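Colleague: Handing you this structure, nothing more for now.
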Amino acid sequence: MPSIAAQLFLAYQDRDWERARRLLRDDAVMLWHCSGECFRGADAIVHVNRVYPEGWSIRLLQDNLLADGRWHVVAQVDHGAARFFANSLFTLEHGLISQIEEYWASAEAPPAWRAGLPGWARLEAAQPA
1406 MPSIAAQLFL AYQDRDWERA RRLLRDDAVM LWHCSGECFR GADAIVHVNR
1456 VYPEGWSIRL LQDNLLADGR WHVVAQVDHG AARFFANSLF TLEHGLISQI
1506 EEYWASAEAP PAWRAGLPGW ARLEAAQPA
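Letter by letter, the sequence shown follows residues 1406 to 1534 in my numbering.
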């Protein structure tokens, strides 16, 4: 069974915003480190995902419990021709998500100079859809 952290991504994929909201503490905080944004409160977290421009799909790649008790989820998000990866850390309190720290990256072609390096290969998952 997916962790509560992974269940949040699955609720987003299903566009089940009420289910997503039930997984979050009222005072939950989400940090998007790459863009320097912070969303305070469960309603704000759900809202930013609800109003994100449509056309995206989520595929879970990893769902791991860390030694410090946080959950680590890696998700692939395809949006049109673009592909993104979310590297997310979840803190739980009393069975609900209290904090989400996300690091987003976009899939892009590697620089040409690396293609000839010893041991180099292209990852299939990193190629845009």
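The beta carbon of each residue, even a glycine, is placed where N, CA and C say it ideally should be. What you are looking at is a predicted structure, and each value in this text was computed from that prediction instead of being measured.
Using a Cβ distance threshold of 8 angstroms, determine whether the segment 1483-1490 contacts the segment 1447-1461, with at least three qualifying pairs required.
Modeller: These segments touch.
Colleague: Cutting at 7 angstroms between CB atoms, please list the residues of its own chain near leucine 1494, excluding the five before and the five after it.
Modeller: What you label residue 1494 is simply residue 89 of the sequence shown in a count that begins at 1. Result list for leucine 1494: Arg1475, His1477 and Glu1506, in chain order.
Colleague: Please name the residue in Met1435, Trp1525, Gln1467 and Ala1472 whose C-alpha comes closest to that of asparagine 1454.
Modeller: For this step, residue 1454 is matched to residue 49 along the sequence shown. For asparagine 1454, the nearest C-alpha among the options comes from Met1435.
Colleague: If you reduce the DSSP assignment to three classes, tell me which class valine 1479 lands in.
Modeller: In the sequence shown, residue 1479 corresponds to position 74, counting from 1. Of the three classes helix, strand and coil, the one that applies to valine 1479 here is strand, per DSSP.
Colleague: Where alanine 1526 and arginine 1519 are concerned, what is the direct C-alpha to C-alpha distance, given to the nearest angstrom?
Modeller: To locate residue 1526, count along the sequence shown from 1; it is residue 121. To locate residue 1519, count along the sequence shown from 1; it is residue 114. Cα to Cα, alanine 1526 sits roughly 9 angstroms from arginine 1519.
Colleague: Please determine, among Ala1512, Gly1446 and Val1451, the residue with the shortest C-alpha to C-alpha distance to leucine 1415.
Modeller: Within the sequence shown, residue 1415 is the residue found at index 10, counting from 1. That would be Val1451, whose Cα lies nearest to the Cα of leucine 1415.
Colleague: Can you tell me where the alpha helix (DSSP H) holding leucine 1415 begins and where it ends?
Modeller: The count along the sequence shown starts at 1 and reaches residue 1415 at position 10. Its alpha helix (DSSP H) spans residues 1409-1418.
Colleague: For arginine 1427, tell me which candidate among Gly1446, Pro1523 and Ser1440 has the shortest Cα-Cα distance.
Modeller: On the sequence shown, residue 1427 is found 22 positions in, with the first residue counted as 1. Taking only the C-alpha atoms, the option nearest arginine 1427 is Gly1446.
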